[in-house]
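Undergrad:
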Amino acid sequence: MTARRFRATAALLATGLAVLAALALPGLGGCAGGPARESPAGTRVVGGLSLEFPEGFLGQPARTIRSPILLHVRNLDTGKRFLRVVGEGGFAFPAAAGEELALERYEYSQSDSTFSCYLNDEIGIRFRPEPGQVLDLGRITIRYTTPALSNRVTFARSTISDDLPEQANRPFRRFLRYSYWRYARTVLR
Numbered sequence: 704m705t706a707r708r709f710r711a712t713a714a715l716l717a718t719g720l721a722v723l724a725a726l727a728l729p730g731l732g733g734c735a736g737g738p739a740r741e742s743p744a745g746t747r748v749v750g751g752l753s754l755e756f757p758e759g760f761l762g763q764p765a766r767t768i769r770s771p772i773l774l775h776v777r778n779l780d781t782g783k784r785f786l787r788v789v790g791e792g793g794f795a796f797p798a799a800a801g802e803e804l805a806l807e808r809y810e811y812s813q814s815d816s817t818f819s820c821y822l823n824d825e826i827g828i829r830f831r832p833e834p835g836q837v838l839d840l841g842r843i844t845i846r847y848t849t850p851a852l853s854n855r856v857t858f859a860r861s862t863i864s865d866d867l868p869e870q871a872n873r874p875f876r877r878f879l880r881y882s883y884w885r886y887a888r889t890v891l892r
């Protein structure tokens with residue numbers, strides 16, 4: 704490796720590390736349009752969020768999901784919204800003291816080769832932080848119970864391709880089955 708190439712690689716690495724360090728600053732990582740940094744009169748909000756499926760999750764055994772869950776927070780005084788990623792069941796963010804905030808809703812998605820799921824539900828917890836304090840919202844558990852599977856839609860599609868050899872130029876059918884799960888949802892604190 705030449706000296707010029709070595710310096711260019713080192714400069715690129717240093718720039719990448721600087722960008723990563725900027726993203727990892729407290730209050731900035733994992734958010735979009737997050738609140739201002741903490742001030743002496745500000746506070747920090749902490750808590751936990753998990754999704755619990757005691758009777759099974761999409762045909763699988765009982766399960767508790769702690770991450771990654773996307774948490775939507777809204778400042779009710781200013782109308783601004785920001786996002787936090789719940790990691791390992793916990794979340795934290797700085798907040799301006801005295802302003803009313805709300806945990807509006809959460810999102811969770813999972814997919815693999817056999818299925819995909821997307822949850823997007825409301826939480827609706829309001830709170831007002833006190834100056835210079837840490838506000839612990841505690842453990843919030845969203846419990847989903849009584850799954851009921853209903854196969855609502857089953858359809859077939861035929862396709863013919865003209866550029867294939869004669870023996871392969873036959874229609875084929877692909878059956879797709881969609882399963883809708885119905886759960887009763889409870890917010891526990």
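Oh and the sequence shown: position 104 is 807 in my numbering, straight run, nothing missing.
No residue lacks a Cβ here, since even glycine has one placed at the ideal position from N, Cα and C.
Taking just the CA atoms, how far does G792 sit from S753?
TA: C-alpha separation (whole angstroms): 6 Å.
Undergrad: Is DSSP giving E803 helix, strand or coil here?
TA: Coil at E803, not helix or strand.
Undergrad: For Q836, write down the residues that DSSP places opposite it in a beta bridge.
TA: Q836 is not bridged to any residue.
Undergrad: When the Cα of S770 is compared with those of T848, Y811, T817 and T889, which residue comes out closest?
TA: For the residues T848, Y811, T817 and T889, the minimum Cα distance to S770 belongs to Y811.
Undergrad: Less than 8 Å between C-beta atoms, sequence neighbours within five positions excluded: which residues of the same chain meet that for E802?
TA: Contacts found: N778, L779, D780, T781, R831 and P832.
Undergrad: Would L774 and L806 be called neighbours here (beta carbons separated by less than 8 Å)?
TA: Closer than 8 Å, so yes.
Undergrad: For a test of the three-state rule: what should DSSP assign to G719, helix, strand or coil?
TA: Bear in mind that a pLDDT of 40 at G719, under 50, signals an unreliable position, so the number given afterwards is only what the model happens to contain. The answer is helix: DSSP assigns G719 an H, G or I state.
Undergrad: Over what stretch of residues does the beta strand (DSSP E) that includes P797 continue unbroken?
TA: Residues G793 to A798.
Undergrad: Taking V788 as the reference, give the member of A800, F796 and I772 with the closest Cα.
TA: For V788, the nearest C-alpha among the options comes from I772.
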